[in-house]
Every structure is written in structure tokens, then in C-alpha cells.
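Quick note on our numbering: the sequence shown kicks off at 116 and runs consecutively.
Data first, discussion second: the structure below is written as C-alpha cells.
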Amino acid sequence: MSSQRPMRTRWHRAAAPAAVLALTLGLAACGESDEDEDAAAPTTQAPSASPSTEPAGGSGNLSAFCDAAIEVEAVFSSSGPEGPDQAQLEAAFEEARTTAPADIASDVDRFVSLNEEAFAEGADFSGPPPPEFEEIDTRIDEYLLANCDFAEVEVTGTEYAYEGIPETVDAGQTAFTFTNEGGEEHEFILIRVNDDVTQSIEELAALPEEEVFQMIRVVSFTSALPGGTDYSFVDLEPGRYGALCFIPVGSTPEAIAAAEAAGEEIDGPPHFTQGMVAEFTVE
Numbered sequence: 116m117s118s119q120r121p122m123r124t125r126w127h128r129a130a131a132p133a134a135v136l137a138l139t140l141g142l143a144a145c146g147e148s149d150e151d152e153d154a155a156a157p158t159t160q161a162p163s164a165s166p167s168t169e170p171a172g173g174s175g176n177l178s179a180f181c182d183a184a185i186e187v188e189a190v191f192s193s194s195g196p197e198g199p200d201q202a203q204l205e206a207a208f209e210e211a212r213t214t215a216p217a218d219i220a221s222d223v224d225r226f227v228s229l230n231e232e233a234f235a236e237g238a239d240f241s242g243p244p245p246p247e248f249e250e251i252d253t254r255i256d257e258y259l260l261a262n263c264d265f266a267e268v269e270v271t272g273t274e275y276a277y278e279g280i281p282e283t284v285d286a287g288q289t290a291f292t293f294t295n296e297g298g299e300e301h302e303f304i305l306i307r308v309n310d311d312v313t314q315s316i317e318e319l320a321a322l323p324e325e326e327v328f329q330m331i332r333v334v335s336f337t338s339a340l341p342g343g344t345d346y347s348f349v350d351l352e353p354g355r356y357g358a359l360c361f362i363p364v365g366s367t368p369e370a371i372a373a374a375e376a377a378g379e380e381i382d383g384p385p386h387f388t389q390g391m392v393a394e395f396t397v398e
């Protein structure tokens, strides 16, 4: 349906800076960056800072580092199609770099530097991330999961449903572990519904984007290929939340590769129309 495609494009674009090059300290996801001249999100200037030459070696403040990782993800997830707010992102990156404990500091320093270099060089973020990004991101994700005092929610994606999302989740810093046990690519887009909105998540997903983005806020974005696992780290505030997958039906790794080789897109209905949607409350 025509109302779904623009919304899917916009939702991917809202998370695209973080998604397509794993540009957060705990958000390695893939997304699309389709052009949408009518997007209603606020526009911000993408970072263009010069790469840092400071050596690795943070203060070792674990609590502050965990907070900084969540802030980096929040800046990316709330950004518009033009990218995250430069000042906010630089501050969050600097906080992560300067507070990183010794056993992860070199990875954090290199990861932030790679991001700064990519932005400074005007890199094209439409393709898959280089292996070094993914390797470092995975190590940082695993460190955060093992060492930060985050509550954990383990979510499984299949054709076509989420499993493991409880009806209620406690407010506070939370790690979502998203594992794909299906045969197609799946994503876990987490949204918070505005307090005055009564429509269900399914009803919201069917609305035109210019309406729905007045009613929700994107909290985080992750995706995984079959057999893969991804993570997101968020500070949940009380309210009503939803999870959806906009990946089109038929998105097996083989079909994705064939479509990319042909310069095409898989033209199937989004997974949420097949039931891959969930709603829960944060208290």
C-alpha cells in the first residue's frame, strides 16, 4: 500500500546514519537511504570533524562510559534524514572516548576515529560496513552487555513474529538482544508512542508518514541476517512502546544479493503486515 512505503523509507532514514555503517557504540544495523524530499523530520548537519589524533586511554569510569554509549545511540536514533546533530554527536563520542575503561579503550578510540574519518571524507554510507567496523562494534557491544548494569530483554525474530518481548518492561537503561532465527533478514525498530495517542501499533504503521511522525518517536533500530544477533542499548522512560519490521517478504540473503546485483529492490509487503509487530508498556 502506498501509505506504507513512504513510512518505511522514512523509518529507515531516521536511523540510517547509525544503521548503515554501524555508527554507534552499540548499534550495528543495516538500513536503506532512499531519497524522500518531502520528509518531515528536522534537518541537521552531519558531523565533519577532523579525525582525532589523541591516543587511546580513557579515565576508566565504567558508569560514565555506559551512559555515553546510550547517549550515542540516542543521538543517532533521534536524527533526521540529514544525519545526527553534530554538536551532540561530538560530545557523546568524546565522553565515550574519555571514559572508556582500559580493556576497551583502544577499540573505542579506533571506532570513534573511523567514524570521524568517514564523516570527514564524505563517505557513502549506503553500502555494507567494512569488516573492521563490524568487528570493533561487536567487541564493544559484548563489553557493554557484560559490564554495564543494563536490564536485558532477549528478542527473537522469525517469519513473521517477535518472540520474547514481555507485556511490561521496567523503565531504565536496557539492552535489547535481537537474534534472527528465521530464514529472511529481520529488523527490530523500537518506537515510543506519544502519551496522548490511542491507536494501536498496527494502526499507526498504516498511517502516512507526515501523520505518524507527529505521534511516535524512534528509540532504536537493529537488524540481523539469518543466524545473526544484534544489540541496542536504550534508556527507557515510562510509556507505550512498539516494535515493527519493515523488511519486505522474501528478503533471504540470496534474494537480497540478487536484487543488489541487479540494482533492484525486493518488492514484497513489509513483515509487519504479516504479523511482525509487538506492543509493550514500560513502567
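In this text, a Cβ means the ideal position worked out from N, Cα and C, and glycines have one as well.
Taking 7 Å as the cut-off, the beta carbon of Ala215 is found no closer than this to the beta carbon of Phe191. Nearest Cα to Leu351 within the set Ile306, Ala370 and Thr367: Ile306. DSSP places Val187 in the uninterrupted alpha helix (DSSP H) bounded by Leu177 to Ser192.
The bridge partners DSSP lists for Ser338 are Glu302.
Under a 10 Å Cβ-count criterion, Ala220 is classified as buried, with 16 or more other Cβ atoms of the shown protein chains found around its own Cβ. Collapsing the DSSP output to three states places Ala370 in a helix. Taking 7 Å as the cut-off, the beta carbon of Gly354 is found no closer than this to the beta carbon of Val327. Per the coordinates, the alpha-carbon of Val349 lies some 22 Å from the alpha-carbon of Asp224. DSSP places Asn230 inside the alpha helix (DSSP H), whose first and last residues are Ala217 to Ala235. Secondary structure remark: continuous beta strand (DSSP E) runs of at least 3 residues inside the segment 253-325, in chain order: 266-273, 276-278, 287-295 and 301-308. In its chain, beyond the 5 residues on either side, Pro363, Val364 and Gly365 have a beta carbon closer than 6 Å to the beta carbon of Gly383. For Ala393, the pairing in a beta bridge is given by DSSP as Ala358. Inter-segment contact for the segment 294-301 and the segment 262-275 is present: three or more beta-carbon pairs are separated by less than 8 Å.
Per the coordinates, the alpha-carbon of Glu282 lies some 14 Å from the alpha-carbon of Glu267. Nearest C-alpha to Phe303 among Asn176, Glu394, Gln201 and Met330: Glu394. A check of alpha carbon separations from Gly390 across Pro246, Val227 and Glu317 identifies Glu317 as the nearest. Ile331 is bridged by DSSP to Val308. Residue state for Pro363 is assigned as strand, using DSSP reduced to three classes. In this chain, the beta strand (DSSP E) harbouring Phe348 covers Thr344 to Leu351. If you draw a straight line from the Cα of Ala373 to the Cα of Ile381, it is about 9 Å long. With respect to Val308, Phe291 sits apart: the two C-beta atoms are not nearer than 7 Å. Following the DSSP letters along the chain, one finds Glu205 inside the alpha helix (DSSP H) bounded by residues Gln201 to Thr214.
In this structure, DSSP gives Pro245 a state outside helix and strand, which the three-state scheme calls coil.
Contact between Asp222 and Ile255 holds, since their C-beta atoms are separated by about 6 Å, short of 8 Å. DSSP lists no bridge partner for Pro384. In this structure, the straight-line span from the alpha carbon of Cys360 to that of Val334 is close to 14 Å. Less than 7 Å separates the beta-carbon of Ala183 from that of Ala207.
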